[in-house]
Amino acid sequence: MPKNISRNRSAVISSESLSLDLYRKLYMTRRAEEFIIEYYHEDDMKTPMHMSMGEEAIAVGVCHALGLDNQIWTSYRTHAAFLAKTEDTEQFFGELYGKVTGVSAGKAGSMHLADPSKGYMAASAVVASILPSAVGMAFANKSNATGHISCVFFGDGALDEGVFWESLNLACVMDLPVLFVCEDNRLSVHTPTHIRQGYNSITDVVSRFSCTVIQESTTDVERIHTITKEAMNTIHTTRKPVFLHLECYRYLEHVGINEDFDAGYRSKEEYEQWYEWDCVKLQRERLTNQGFSSADLRKVESVIDNQLLTSIRKAQAAPFPQPEELYRGVFYEAD
Amino acid sequence: MRQISFCDALNEATRQEMERDPSVFIYGIGVPDHKKIFGSTAGLVEQFGPERCFDTPLCEETMTGFGLGAAIGGMRPIHVHIRVDFLVLAMNQLINMISSYTYSTLGKTRVPLVIRAVVGRGWGQGYQHSKSLHSLFAHIPGLKVVMPTTPHDAKGLLTSAIRDDNPVIFIEHRWLYWAEADVPEEPFAIPLGEGNILREGDDITIVATSWMNIEALRAAEILERRGVSVEIVDPRTIAPLNDSMMVQSVNKTRQCIVADNDWIDCGFSAEVATRVYEKCFNRLKSPITRIGFAPTPCPTVRTLENEFYPNAITIIRSVEEKLGLSPTDLSGEEFYSHEKRFKGPF
């Protein structure tokens, strides 16, 4: 369970607008997935859903700190990152429904949701394969002196892959502006760390590389936002990568919309301990403590609910891509 | 016109493109070291500095994905592998990441990435330093695959590959590095997807790749003395394959041999043969003959290696069989080996 959340839940003082912005994004990601759960049985969203639920504070906190200009790269668990980075609910549901209104006209689906025009460069369904491209983008950023940071999200499972260590090594030896964000839920699908890791501590091992390591176990989106800002400053001042190690908890099964606490690989009690510190609840409480009334918050939430529902209706009504779309874009097509 | 080697042609294309476009950079294991990838990267680090010509850790997969990221970021990377075999370590990036990236963005994103890789042969290269593998790459939609034969093509096609907005795998046979021929000094580009008729003839078409073109040329010289006129078609671009030139040639000669610098089964020769069957079926006088490596790993010892590789003699005997000719007396004929290098002319 999260270790270093302040017992006083409103201890972090920050501007109301930041708190509200972060809450809006958190609420949007959570509600979007709740709608997916509600509508998935209709079998119109024919794409494997790897749900972000429970882990949203990391995507929201980091992406909000990065803004639009810095780039992100992720695994197949894309939903929270996509909405946090783009806030485009129409392209989001368009893609999940496989319609022309989707960001990739249905070619990408849930596992490859991305939008390079908004700095969400790519999402890979093969664990850790995305890491080298994030490092290569950082090289381009450095060569072109753009000042941008290339940020890559991955789970603790990625550390089992050689390409993770190659990428970390490369970013360190080449002094590249990469933000590595390890979302550590201690599970690779269903396989726990003690079967996978021949070392005691991820951060101990990574800290032997020429980079800065920051570790937190928190569901507090503002704390994650703050340490991301610190990490970005560190990258700019040290001109070295930063490795952010963030513990989190996956509420649902590896892929799909259901709970799987009866599967035997983890306990419901563990979930309940984490849910006590649920990121959406926590941020809502903070806003309440800042003086937002229940009615104020409901108003904010209903705007988002309506936006999401409208996006779903539009996606449902939108056409599928024409057959000839299959052959388009294998190679670059100039406008 | 000035004559330069295949190796120097690669070098010149790279240098001229790096001069022309500051986003071009070249990297890979050993690229700037004193051996300079057999000389093909000579002078580049001296002229362009370590920011645009650099050595890397031994991590082929990561350095390949790095190229993808840099290309998406607006650079034009050239990644060099001193052996094609090492590219196998990068297959995940090539097949899972690079081939589909542009498609995922509906064709809107450029991935101008060149991957150069050298095919080894002779002097005990053995089974991990001798592969060609172009069929493997060509099987994947989204990757372009190019195999030059002549110094002229080496320069013109590498220039095109660097200017192309898509990933291009550029496969260079080590034995071609010594070949010399006329190559214009000024920059020029040969469009990808255009074949080349290396030799015109009327009696039989040989579609050959890379080094096998040299063997086919030698076979054609010997056969010409018997009055057999061989046409040699070098597709140059393996994928996407433009079959119009080979189809036109076979429609004329009505006989076809495919001599591929690779294994036969499920290989490029199967692709060529199928295309020719599909489009020239009624014109063919005999079934298409395929020539390629023996279906074994490549052995190290020379006596077995000689058995592993097909050569001009293999081609001559195939032509004789197809045309119903008695075997040519080849005593006294000279053939190429690691020691007896082909240096031209074409």
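First to last, the protein sequences are chains Y and D.
Residue 268 in our numbering sits at position 268 of the first sequence, with consecutive numbering throughout.
If you want our numbering, it's the 1-based position in the second sequence plus 1000.
For each residue, glycine too, the CB sits at the ideal point set by N, CA and C.
Taking a cut-off of 8 Å for Cβ pairs, the segment 154-167 of chain Y and the segment 1081-1088 of chain D do not touch, as fewer than three such pairs fall below it. Rounded to the nearest whole angstrom, the CA to CA distance from Arg1052 (chain D) to Val178 (chain Y) is 20 Å.
According to DSSP, Asp1234 (chain D) shares a beta bridge with D:Asn1196.
In terms of Cβ geometry, Ile202 (chain Y) and Cys182 (chain Y) form a close pair [threshold 8 Å].
Per the DSSP secondary-structure output, Ile1004 (chain D) pairs in a beta bridge with D:Ala1181.
Look at the segment 214-263 of chain Y and you find these whole runs of alpha helix (DSSP H), each 4 residues long or longer: 221-238. Spanning the alpha carbons of Gly67 (chain Y) and Phe139 (chain Y) requires a straight line of approximately 20 Å. Contact check for Glu1231 (chain D) and Thr1205 (chain D): beta-carbon distance about 5 Å, within the 8 Å limit, so the pair qualifies. Ranking D:Thr1296, D:Arg1302 and D:Ile1257 by CA distance to the CA of Lys1285 (chain D) puts D:Ile1257 first.
Using a CB distance cut-off of 8 Å, Gly98 (chain Y) does not count as an interface residue toward chain D. Cβ-Cβ separation between Gly1069 (chain D) and Ala134 (chain Y): approximately 6 Å, consistent with a contact (criterion under 8 Å).
With its beta carbon at least 8 Å from every one in chain Y, Asp1055 (chain D) lies outside the interface.
Close partners of Pro132 (chain Y) in chain D (Cβ separation under 9 Å): Cys1059, Glu1061, Thr1062, Met1063, Thr1064, Gly1065, Phe1066, Gly1067, Leu1068, Gly1069, Gln1093 and Met1097. Taking 8 Å as the cut-off, the Cβ atoms of Ile1313 (chain D) and Leu1330 (chain D) count as close. By the neighbour-count criterion, in which 16 or more other beta carbons inside 10 Å mark a residue as buried, Lys299 (chain Y) falls on the exposed side. Counted as a single uninterrupted DSSP element, the alpha helix (DSSP H) harbouring His64 (chain Y) occupies residues Glu56 to Leu66.
Gln1093 (chain D) sits in a helix when the DSSP states are folded into three classes.
Neighbours of His112 (chain Y) in chain D, taken as residues whose beta carbon is under 9 Å from its own, are Ser1100 and Ser1104 in chain order.
Here Ser1005 (chain D) has Pro1151, Tyr1177, Trp1178, Ala1179 and Glu1180 as same chain residues with Cβ atoms under 7 Å from its own Cβ, once five neighbours each way along the sequence are excluded. Within the segment 1085-1136 of chain D, complete beta strand (DSSP E) segments of at least 3 residues are found at 1114-1119, given in chain order.
The beta carbon of Glu90 (chain Y) sits no closer than 8 Å to any beta carbon of chain D.
If you ignore the 5 residues before and after Asp1153 (chain D), its C-beta comes within less than 7 Å of the C-beta of Ile1190, Asn1196 and Arg1236, all in its own chain and listed in chain order. With a beta-carbon spacing of about 7 Å, Pro1184 (chain D) and Met1001 (chain D) fall inside the 8 Å limit used to define contacts.
The C-alpha of Arg1199 (chain D) lies about 28 Å from the C-alpha of Phe1137 (chain D). At least 8 Å separates the CB of Ala84 (chain Y) from every CB of chain D.
Scanning D:Glu1172, D:Val1111 and D:His1034 for the CA closest to the CA of Met1212 (chain D) turns up D:Glu1172. With a minimum length of 3 residues, the unbroken runs of beta strand (DSSP E) contained wholly in the segment 58-123 of chain Y fall at 71-74 and 120-123. Remark: fewer than three beta-carbon pairs, one from each stretch, lie closer than 8 Å, so the segment 79-89 of chain Y and the segment 140-152 of chain Y are not flagged as touching.
With a cut-off of 8 Å on Cβ pairs, the segment 58-78 of chain Y is in contact with the segment 16-30 of chain Y, counting three or more such pairs. Counting along the chain, the unbroken alpha helix (DSSP H) around Ala1161 (chain D) starts and ends at Pro1151 to Arg1163. Taking a Cβ-Cβ threshold of 8 Å, the residues of chain Y close to Thr1109 (chain D) are Pro116 and Tyr332, in chain order. Just so you know, the alpha carbons of Ser1023 (chain D) and Thr1109 (chain D) end up roughly 16 Å apart.
Around the CB of Leu1058 (chain D), fewer than 16 other CB atoms lie within 10 Å, so the residue is classed as exposed. With a 10 Å radius around the Cβ and a threshold of 16 neighbouring Cβ atoms, Cys1007 (chain D) comes out buried. In the structure shown, the three-state DSSP call for Ser1249 (chain D) is helix. For the segment 143-155 of chain Y, residues whose beta-carbon sits nearer than 8 Å to a beta-carbon of chain D comprise Ser143, Asn144 and Ser150.
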